[in-house]
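*Asks:* Protein chains in written order, with the numbering used here: chain A, 1 to 426; chain B, 427 to 723; chain C, 724 to 1034.
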């Protein structure tokens, strides 16, 4: 009995290491159709990819794009592993600018400047994908942060709706009024660092994450702490320890206002439709501003999403891949995306029309204007140091918002770390 | 399971744990108090699990409330129904079982075999080699994850169950555990067996393996649990949905309903129960007195 | 598994004649030794050892995961000397381990001793103690965070009954680490209990009976019989527990994500961040080597102590 057992183990051990089977992919089909793979995160939570692929395949007989799905939360980890093992798909979606910088500097992306040159000026967010004067990925989606507000709660508190002229001080004042006048909180600021820093970084003149000088954050944090101390918004500690979700905070009418990215529009519509969120009237308003000077074209920020081509792609597939990129940034694709509540990178009246055509979408003029007129800046500058800086800023955020460190101390520590870890001196 | 004749000779009433221990029971007030204390402690330890079960029977928006709502009202079975009907549960369970059983079996087999070599035989460099085993435990996996992945991909093993089987089978942990246990077995026993003409392989199989049932039981329980619950490994290596394990599958399935905690808790309950059963079965082998009890008397 | 019906080993033969093997016998024994070790070692060498060695090489490079790894010599290590975040992570790791190791050791040994007795429902209690270990980490983190919630959490509400104003736990820079340690002990005590339970089975009951006859009390029996007999298990548990504590990751990631600020940042997490978030795999490898050396030093000390006690 002993021998067969050990022998099996030995054979298994050897078999495991030797049984390599060549799984190389076919270059092009026999019938002349080019097969492309597109790496994306879970299509169930990101329906836009399937939509783009289906529409493209329907209109292109000679190319067949298929989706290779990755885990949403671990997209970069899995993609990094696949790229380094040479097993990554022909095209892959770029989820964040900081990861994009990594891929680009690591030589994992093909220069697609020629595609970018062919796009018209309606496509926003190209700048986030440009390094050294070349373009390395093409955006198809451009979210922006707006102010979501609950009209019913405003009515109940007897407070006027936002009118597009708000500064953050106006916002704080109204938040306090609503808290005092209703059972709901006036506002909800989600626990992400971007929910506060994204505005501060982009609205403050001269503010720059790469400057190593973060004093400009102070007024924003003072306001946020005052709101949570005054009971106008759930405090950070309660939000993190109770795993509060922004969908429930706004969707279940626990807060009357919430700054959030435009992706939430589609989620809110869907949740109201299936009863997961309460049924109430809501609207979009421009993000509150630092002061009145930017009211004409309110400054906000947003993450663009794009698709790039794997540098290791088969020579014969490059043209087809670029064709796909041109398509995703086209108006046709944008209208299709807008119809399912996605904010496309391509902006036009037709797109706005399609966006607000959805069932349950707000119909007021301010919401439309909010969607159309804004100066959306990239959340993160394109720079190799950005990932390090973001880590530092994240630590600053949790230290200040949990009130375990004073604003001044936290800022001083962040500046010191920026110098020490990223070589940035203010 | 296996008890050697000599063991049987010493403790003729080997059987249930309860009967093995000698009658030093004093049914005093102290014992009752200790028992009550244990029940309370168990309740405290299980509290988070109880909360999980309760939450899994709630509607998602009732999960986090202030104050905590301990009785779900209404009781919602929908989460379980949804996971069962809409997900590919049977495939995930099948894959997880293949891995857990396969890894556990191979780990115990090769681990205890190697442990015998490290503790009961002598060869040059033995101790250094053993140190090498233990040392690798100290290197964090996320540091060599990518080199390992690249290597296994080159062998064509990524995206196969073989990759996971190979990675988890040859862990230093099992070798270390079994070696420590073998060291408690008196050398006299092996000597005696050698005199009787038993080969080293024979000693391993006929003496060591039967004697190390409690150690094997603990290795089985721990390996099974770790393989069952492993998330990062399958995440990196198993990409096709038909290879997914329970952990990956549930996580992905639940991920579609972003932040649906009721569903997350239902998934957690489902993934815990099978191991709890395995543990209940396995813990019987921690019985005082079946091992070396007869040897030194 | 009828492995032992044909038990050959008769009554323990007293023939403990010390026979020194000759050179040929020695070589034969070495060969036999290798045949035992080889099946596992082959797999281990190919799948673990080679990638681990690669980490040591990569720690001397500026590897960014893709393509080339430019040689930088000891640059990564000198950088570590001046890296305040690394120092912070190192101190936090030592803080966590310093609390977690002794507490877990005591708790798990206590549990094992308690649940090694004749006891009604012992199977249930053992399973209950092991439950925290098998429950999904995500669920554990969510539940404990909720229990710790400063304003609304049951723990602080309970403390409030006694007029104690509870701390902020996971949201406080001072209390976050103790909170994490608490959850760590709670989670792992059942795991190490299993190992201790297995170890306890190796102690011959006759020893206790002899001790009792000599009039040794419970404490003396524990000190003079249980602990010495448990030494190999104890050694194993301390080594695994030490390395596990120094490498702690999941718990921190899910419970506090290193925060607030950097108050619970530990080495493994720093490695993860430097590697997978900032794509600085060369530096991440160097920090891994540092962590490895730390584990090695502590483990070596344990080996020496173990050896000394053995002799």
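Where a beta carbon is used, it is the ideal one built from N, C-alpha and C, also for glycine. Only a predicted model underlies this, so the values are computations on that prediction, with no experimental measurement involved.
The alpha helix (DSSP H) spanning residue 629 of chain B covers which residue range?
*Replies:* Position 203 of the second chain, counted from the first residue, corresponds to residue 629 of chain B. Unbroken alpha helix (DSSP H) run through residue 629 of chain B: 626 to 629.
*Asks:* Across the segment 308 to 317 of chain A and the segment 379 to 396 of chain A, are there enough close Cβ pairs to call them in contact, namely three or more that are closer than 8 angstroms?
*Replies:* Touching, no, given that fewer than three Cβ pairs across the two stretches are closer than 8 angstroms.
*Asks:* Which stretch, first to last residue, makes up the alpha helix (DSSP H) that contains residue 48 of chain A?
*Replies:* On the first chain, residue 48 of chain A is found 48 positions in, with the first residue counted as 1. Residues 48 to 59.
*Asks:* Expressed to the nearest angstrom, what Euclidean distance is found between the alpha-carbon atoms of residue 941 of chain C and residue 934 of chain C?
*Replies:* Taking the third chain and counting its residues from 1, the one referred to as residue 941 of chain C is at position 218. Taking the third chain and counting its residues from 1, the one referred to as residue 934 of chain C is at position 211. Near 10 angstroms, if we compare the C-alpha coordinates of residue 934 of chain C and residue 941 of chain C.
*Asks:* Compile a chain-ordered list of the residues in the segment 99 to 124 of chain A whose CB is closer than 9 angstroms to at least one CB of chain C.
*Replies:* Listed by position, the residues of the segment 99 to 124 of chain A near chain C (Cβ gap below 9 angstroms) are 99, 101, 102, 103, 105, 106, 107, 108.
*Asks:* Do you know how far the Cα of residue 981 of chain C is from the Cα of residue 780 of chain C?
*Replies:* Sequence index remark: in the third chain, residue 780 of chain C carries index 57 (1-based). Sequence index remark: in the third chain, residue 981 of chain C carries index 258 (1-based). For residue 780 of chain C and residue 981 of chain C, the distance between alpha carbons rounds to 28 angstroms.
*Asks:* Hey, would you say residue 432 of chain A sits closer than 8 angstroms to residue 42 of chain A, going by beta carbons?
*Replies:* Lying before the first or after the last residue shown, residue 432 of chain A is absent from chain A, which here runs from 1 to 426.
*Asks:* Determine, using beta carbons only, whether residue 637 of chain B comes closer than 8 angstroms to chain A.
*Replies:* Residue 637 of chain B sits at position 211 when you count from the first residue of the second chain. False, the Cβ-Cβ gap to chain A never drops below 8 angstroms.
*Asks:* Between the alpha carbons of residue 937 of chain C and residue 712 of chain B, how many angstroms are there, rounded?
*Replies:* Here residue 937 of chain C is taken as the residue at index 214 of the third chain, counted from 1. Here residue 712 of chain B is taken as the residue at index 286 of the second chain, counted from 1. If you take the alpha carbons of residue 937 of chain C and residue 712 of chain B, they lie about 27 angstroms apart.
*Asks:* Relative to the C-alpha of residue 276 of chain A, which candidate in A/248, A/290, A/258, A/298 has its C-alpha closest?
*Replies:* Counted from its first residue, the first chain places residue 276 of chain A at position 276. Ranking A/248, A/290, A/258, A/298 by Cα distance to residue 276 of chain A puts A/248 first.
*Asks:* Is residue 534 of chain B near residue 645 of chain B, with beta carbons less than 8 angstroms apart?
*Replies:* The residue you call residue 534 of chain B lines up with position 108 of the second chain. The residue you call residue 645 of chain B lines up with position 219 of the second chain. Contact: yes.
*Asks:* Indicate whether residue 259 of chain A and residue 369 of chain A have their beta-carbon atoms separated by less than 8 angstroms.
*Replies:* Within the first chain, the letter at position 259 stands for residue 259 of chain A. Within the first chain, the letter at position 369 stands for residue 369 of chain A. Cβ atoms of residue 259 of chain A and residue 369 of chain A: not closer than 8 angstroms.
*Asks:* Listing by chain order, which chain B residues have their CB less than 7 angstroms from the CB of residue 881 of chain C?
*Replies:* Walking along the third chain from the start, residue 881 of chain C turns up at place 158. Residues of chain B passing the Cβ test: none, with the nearest at roughly 11 angstroms.
*Asks:* Taking CB distances under 8 angstroms as the criterion, tell me whether residue 895 of chain C reaches chain A.
*Replies:* Counting from 1 along the third chain, the entry for residue 895 of chain C is found at position 172. Yes, residue 895 of chain C lies at the interface with chain A (some Cβ there is under 8 angstroms from its Cβ).
*Asks:* So, is the C-beta of residue 78 of chain A closer than 8 angstroms to a C-beta in chain B?
*Replies:* Residue 78 of chain A sits at position 78 when you count from the first residue of the first chain. Output row for residue 78 of chain A: interface = yes.
*Asks:* Cβ atoms of residue 197 of chain A and residue 374 of chain A: under 8 angstroms apart, would you say?
*Replies:* Your numbering for residue 374 of chain A matches position 374 in the first chain. Your numbering for residue 197 of chain A matches position 197 in the first chain. Not a contact, by the Cβ cut-off of 8 angstroms.
*Asks:* Under 8 angstroms Cβ-Cβ, which residues of chain A neighbour residue 661 of chain B?
*Replies:* Here residue 661 of chain B refers to the residue found at position 235 of the second chain. Neighbours of residue 661 of chain B on chain A, chain order: 71, 74, 77, 78.
*Asks:* Bridge partners of residue 63 of chain A, per DSSP?
*Replies:* Residue 63 of chain A sits at position 63 when you count from the first residue of the first chain. A/34.
*Asks:* For residue 677 of chain B, count the other beta carbons within 10 Å of its own beta carbon; 16 or more makes it buried, fewer makes it exposed. Which is it?
*Replies:* As a working note, residue 677 of chain B is residue 251 in the second chain. Residue 677 of chain B is buried by the Cβ-count criterion.
*Asks:* Report yes or no: do three or more beta-carbon pairs, one from the segment 573 to 583 of chain B and one from the segment 771 to 779 of chain C, lie closer than 8 angstroms?
*Replies:* Verdict: yes, contact present.
*Asks:* Express the C-alpha separation of residue 585 of chain B and residue 17 of chain A in angstroms, rounding to a whole number.
*Replies:* By one-based count along the first chain, residue 17 of chain A stands at place 17. By one-based count along the second chain, residue 585 of chain B stands at place 159. Annotation note: pLDDT 33 at residue 17 of chain A (below 50); position unreliable, coordinate value reported separately. About 14 angstroms.
*Asks:* Give a yes or no on whether 8 angstroms exceeds the smallest Cβ distance from residue 6 of chain A to chain B.
*Replies:* To locate residue 6 of chain A, count along the first chain from 1; it is residue 6. Note that residue 6 of chain A scores 36 on pLDDT, short of 50, meaning its location in the model is unreliable; the coordinates nonetheless yield the value given after this. Output row for residue 6 of chain A: interface = yes.
*Asks:* Among the candidates C/1020, C/851, C/884, whose CA atom is the shortest distance from the CA of residue 469 of chain B?
*Replies:* Here residue 469 of chain B corresponds to residue number 43 of the second chain, with the count starting at 1. Nearest option by C-alpha distance: C/851.
*Asks:* Using a Cβ cut-off of 8 angstroms (strictly closer), state whether residue 244 of chain A contacts chain B.
*Replies:* As a first step, residue 244 of chain A is located in the first chain; it is residue number 244 there, counting from the start. Yes, residue 244 of chain A lies at the interface with chain B (some Cβ there is under 8 angstroms from its Cβ).
*Asks:* With DSSP run on the structure shown, which of helix, strand or coil describes residue 109 of chain A?
*Replies:* As a working mapping, residue 109 of chain A is identified with position 109 in the first chain. Residue 109 of chain A: strand per DSSP, three-state reduction.
*Asks:* If you draw a straight line from the alpha carbon of residue 109 of chain A to that of residue 992 of chain C, how long is it in whole angstroms?
*Replies:* Against the first chain, residue 109 of chain A aligns to sequence position 109. Against the third chain, residue 992 of chain C aligns to sequence position 269. Their backbone Cα atoms lie some 28 angstroms apart in a straight line.
*Asks:* Would you tell me roughly how many angstroms separate the C-alpha atoms of residue 1037 of chain C and residue 973 of chain C, rounded to the nearest one?
*Replies:* The first residue shown for chain C is 724 and the last is 1034, placing residue 1037 of chain C beyond what the model contains.
*Asks:* Would you check if the distance between the CB atom of residue 827 of chain C and the CB atom of residue 964 of chain C is smaller than 8 angstroms?
*Replies:* On the third chain, position 104 is the one that residue 827 of chain C refers to. On the third chain, position 241 is the one that residue 964 of chain C refers to. Their beta carbons are under 8 angstroms apart, which means residue 827 of chain C touches residue 964 of chain C by this criterion.
*Asks:* Can you tell me whether residue 205 of chain A is buried or exposed, with buried defined as 16 or more other CB within 10 angstroms of its CB?
*Replies:* Taking the first chain and counting its residues from 1, the one referred to as residue 205 of chain A is at position 205. Burial call: exposed.
*Asks:* Apart from the five residues on each side of it in sequence, which residues of its chain come closer than 6 angstroms, Cβ to Cβ, to residue 820 of chain C?
*Replies:* To locate residue 820 of chain C, count along the third chain from 1; it is residue 97. Hits under 6 angstroms: 968, 969.
*Asks:* Per DSSP, residue 413 of chain A is paired with what?
*Replies:* As a position in the first chain, residue 413 of chain A is number 413, starting the count at 1. Note: residue 413 of chain A sits in no beta bridge, so no partner.
*Asks:* Tell me which same chain residues have a C-beta within less than 7 angstroms of the C-beta of residue 175 of chain A, skipping the five on either side of it?
*Replies:* Numbered from its first residue, the first chain carries residue 175 of chain A at position 175. Within the same chain, residue 175 of chain A has close Cβ partners 186, 187, 227, 232, 233, 257.
*Asks:* On a Cα-Cα basis, can you pick out the residue from B/708, B/502, B/698 that is closest to residue 519 of chain B?
*Replies:* In the second chain, counting from the first residue as 1, residue 519 of chain B sits at position 93. Residue B/698 is the option with its Cα nearest to residue 519 of chain B.
*Asks:* Just mark residue 1033 of chain C as buried or exposed, buried being the case when its beta carbon has 16 or more other beta carbons within 10 Å.
*Replies:* If you number the third chain from 1, residue 1033 of chain C lands on position 310. Exposed, by the Cβ-count rule.
*Asks:* DSSP beta-bridge partners for residue 40 of chain A?
*Replies:* Mapped onto the first chain, residue 40 of chain A falls at position 40. Residue 40 of chain A pairs with A/69.
*Asks:* Measure the beta-carbon distance from residue 590 of chain B to residue 663 of chain B and round it to whole angstroms, keeping in mind my assumption that it falls under 8 angstroms.
*Replies:* Within the second chain, numbered from 1, the residue matching residue 590 of chain B stands at position 164. Within the second chain, numbered from 1, the residue matching residue 663 of chain B stands at position 237. Residue 590 of chain B to residue 663 of chain B, Cβ: 6 angstroms. Contact.
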